[in-house]
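Novice: Numbering (the working numbering), first residue to last: 14 to 419.
We treat Cβ as the ideally placed atom computed from N, Cα and C, and that holds for glycine.
Below is one structure. I have some questions about it.
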Amino acid sequence: MRPSASPAAETAMGKTSEHPFMPYVPRGCQDDIIGDIARILDDGRHIVLESGTGTGKTIVSLAGALEHARPRGKRIIYATRTVSQSDQVMRELKAIRRIAEVSGIVVTGRGRSCPRMRGIQGMDSIPPHVQYAMCREMRRTGKCALGQSPDPALMERLCGEDFPASGDFDRICGERNLCPYEARRSMLGRTDVVAVPYAYVLSREIREHFLAGVSNGDPSGIVLIIDEAHNFAEHAREFESFNIDSKLVKSAMESCKDGREIATGIPMKEFIGAFWDRVRSEATENIGLGQSEHMFGREGPEAWVMRKFSLDRHGLEDAISRMTEMGEAETAAMIENGKPGASPIELLGVKLGLWCDGASERYVRSVRVDPDGEYLRAACIDIADVSGFLRSIPGAVHMSGTLHPL
Ligand code: SF4
Numbered sequence: 014m015r016p017s018a019s020p021a022a023e024t025a026m027g028k029t030s031e032h033p034f035m036p037y038v039p040r041g042c043q044d045d046i047i048g049d050i051a052r053i054l055d056d057g058r059h060i061v062l063e064s065g066t067g068t069g070k071t072i073v074s075l076a077g078a079l080e081h082a083r084p085r086g087k088r089i090i091y092a093t094r095t096v097s098q099s100d101q102v103m104r105e106l107k108a109i110r111r112i113a114e115v116s117g118i119v120v121t122g123r124g125r126s127c128p129r130m131r132g133i134q135g136m137d138s139i140p141p142h143v144q145y146a147m148c149r150e151m152r153r154t155g156k157c158a159l160g161q162s163p164d165p166a167l168m169e170r171l172c173g174e175d176f177p178a179s180g181d182f183d184r185i186c187g188e189r190n191l192c193p194y195e196a197r198r199s200m201l202g203r204t205d206v207v208a209v210p211y212a213y214v215l216s217r218e219i220r221e222h223f224l225a226g227v228s229n230g231d232p233s234g235i236v237l238i239i240d241e242a243h244n245f246a247e248h249a250r251e252f253e254s255f256n257i258d259s260k261l262v263k264s265a266m267e268s269c270k271d272g273r274e275i276a277t278g279i280p281m282k283e284f285i286g287a288f289w290d291r292v293r294s295e296a297t298e299n300i301g302l303g304q305s306e307h308m309f310g311r312e313g314p315e316a317w318v319m320r321k322f323s324l325d326r327h328g329l330e331d332a333i334s335r336m337t338e339m340g341e342a343e344t345a346a347m348i349e350n351g352k353p354g355a356s357p358i359e360l361l362g363v364k365l366g367l368w369c370d371g372a373s374e375r376y377v378r379s380v381r382v383d384p385d386g387e388y389l390r391a392a393c394i395d396i397a398d399v400s401g402f403l404r405s406i407p408g409a410v411h412m413s414g415t416l417h418p419l
């Protein structure tokens with residue numbers, strides 16, 4: 014379906030669309046598309062919409078989804094790649110508000126919305142549960158005293174009349190000594206539309222926490238709209254892919270201050286050192302002149318480490334779990350001492366756990382070299398988690414300016 018790209022004309026005489034949430038004079042087949050979206054969502058199915066830039070994808074998807082969701086009390090999650098695209102959703106909600114009751118908000122994570130954490134170096138790589146622990150500690154020690162219970166009348170005005178852009182929402186909260194993150198959370202289950210970055214759909218940890226607030230964790234209580242859907246699978250693969258580099262390994266080894274063991278007779282430092290020595294050997298032995306990568310088959314450097322330390326697969330998994338637990342304890346101690354971020358031991362333990370699990374079919378694993386040295390790359394080829402989530406939602410709109418390569 015391709016609506017025409019003629020200029021928008023807003024009605025001066027009230028709504029002329031046959032759809033209750035379409036605030037503009039419909040162009041081309043926009044009314045038909047809105048009807049198709051509502052009908053397909055009513056049937057509990059997904060719709061893929063291809064439509065060029067400037068043809069009104071945002072407004073038709075919102076109008077169609079609202080027509081389905083409002084009578085059923087469902088929440089619409091509008092996933093965008095950038096915050097400015099979420100801001101555009103708020104602008105369209107403001108237009109809809111001229112003809113119908115509607116509410117909405119842009120939600121962002123602590124890394125962007127928390128005035129105490131914004132600007133901390135490497136915030137993007139700090140896991141959400143660590144950000145939560147940092148917040149709790151700042152409140153406990155009085156480093157953050159921002160209010161967490163916003164005035165309901167203010168929130169109703171912001172989410173039901175003004176629809177501020179994300180940055181403006183943060184500023185308004187700041188002027189009132191309110192925590193913008195908690196102010197947003199207070200509205201999660203109460204607004205028709207929540208615009209979020211892709212990470213809120215892609216990350217299981219973030220998604221489960223978020224959905225608990227939006228629909229008590231019930232996927233059938235939401236309608237999902239995915240903006241720029243043609244790239245979504247690629248984003249999902251990239252989101253689940255990861256590197257283990259020498260900088261992280263070095264930091265983790267420096268954090269192994271004593272002879273703590275992760276299995277009987279295996280000190281953590283010795284384990285990490287042996288693992289990384291093997292990675293280096295794999296690179297030296299297998300990456301020739303002019304090459305930068307060596308792909309592993311089913312056996313990666315962990316197989317050699319298992320033989321060296323006489324560990325079977327369970328023993329290896331237990332040792333890595335132990336490393337992660339020790340890392341988590343170190344993260345907690347760091348936060349208590351006012352040091353932001355996660356322990357490199359925890360970060361390495363989590364990645365090693367995934368890496369060894371990566372012997373399954375979900376990742377293509379390799380060792381690469383660049384000017385900073387060797388690093389491991391696990392490239393995700395199976396986005397099973399997010400695919401499973403998408404399949405669990407009875408009703409979604411996948412839209413894009415181009416279907417390629419969807
Ligand atoms: S309460 Fe809000 S502003 Fe304060 S540290 Fe936590 S997230 Fe940041």
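So, are the CB atoms of A296 and V377 less than 7 Å apart?
Specialist: no
Novice: Would G340 be called buried (16 or more neighbouring beta carbons within 10 Å of its own) or exposed?
Specialist: buried
Novice: Give the range of the alpha helix (DSSP H) segment to which C393 is assigned.
Specialist: That residue, C393, is in no alpha helix (DSSP H); its beta strand (DSSP E) goes G386 to C393.
Novice: With a threshold of 8 Å on Cβ separation, who are the neighbours of S19 within its own chain once the five nearest residues in sequence on each side are excluded?
Specialist: Any reading at S19 must be qualified, since the residue scores a pLDDT of 35, below 50, and its modelled position is unreliable; no value is offered.
Novice: Can you tell me whether DSSP reads N244 as helix, strand or coil?
Specialist: helix
Novice: Please specify which runs of the beta strand (DSSP E), each continuous and at least 3 residues long, are wholly inside the stretch 110 to 190, giving them in chain order.
Specialist: Secondary structure in the stretch 110 to 190: the beta strand (DSSP E) runs of 3 residues or longer, each lying completely within the stretch, are 117 to 119 in chain order.
Novice: For the candidate residues R335, G48, L75 and E114, whose alpha-carbon lies nearest to that of I285?
Specialist: R335
Novice: Rounded to the nearest angstrom, what separates L191 and G160 at their Cα positions?
Specialist: 5 Å
Novice: Is it buried or exposed, R123, if we count other Cβ atoms within 10 angstroms and call 16 or more buried?
Specialist: buried
Novice: Cβ of V399 within 7 Å of Cβ of A276?
Specialist: Their beta carbons are not under 7 Å apart, which means V399 does not touch A276 by this criterion.
Novice: Pick helix, strand or coil for P210, following the three-state DSSP scheme.
Specialist: strand
Novice: Let's see if you can read the secondary structure: which residues bound the beta strand (DSSP E) around T93?
Specialist: Boundaries of the beta strand (DSSP E) around T93: R88 to T93.
Novice: Using C-beta distances below 6 Å, list every residue in its chain close to R129, excluding the 5 sequence neighbours before and after it, in chain order.
Specialist: M151 and C157
Novice: Given the structure, does R123 come close to the ligand SF4, in the sense that its CB is under 6 Å from one of the ligand's heavy atoms?
Specialist: yes
Novice: Assuming S74 and I53 are in contact, meaning their beta carbons sit under 8 Å apart, how far apart are those beta carbons, in whole angstroms?
Specialist: 12 Å between Cβ atoms; not a contact.
Novice: Indicate the three-state DSSP secondary structure (helix, strand or coil) for A409 in the structure shown.
Specialist: strand
Novice: State the beta-bridge partners of L62 as determined by DSSP.
Specialist: M412
Novice: Report yes if the C-beta distance between G408 and G57 is below 7 Å; otherwise report no.
Specialist: yes
Novice: Can you name, in chain order, every residue of its own chain whose Cβ lies under 6 Å from the Cβ of N299, other than the five neighbours on each side?
Specialist: Excluding positions up to five away in sequence, the list reads H307.
Novice: Helix, strand or coil: how does DSSP classify D383 here?
Specialist: strand
Novice: Should P16 be labelled buried (16 or more other beta-carbon atoms within 10 Å of its own) or exposed?
Specialist: With a pLDDT of only 37 at P16, under the threshold of 50, the placement of this residue in the model should not be trusted; the figure read from the coordinates follows. Counting Cβ neighbours within 10 Å, P16 comes out buried, since at least 16 surround it.
Novice: What I want to know is whether the C-beta of L191 ends up closer than 6 Å to one or more non-hydrogen atoms of the ligand SF4.
Specialist: no
Novice: So what's H81 in DSSP terms, helix, strand or just coil?
Specialist: In this structure, H81 counts as helix in the three-state DSSP scheme.
Novice: Whose CA, out of S405, G69, V410 and R375, lies closest to the CA of I394?
Specialist: R375
Novice: Buried or exposed for H327, please, with buried defined as at least 16 other CB atoms from any protein chain shown within 10 angstroms of its CB.
Specialist: exposed
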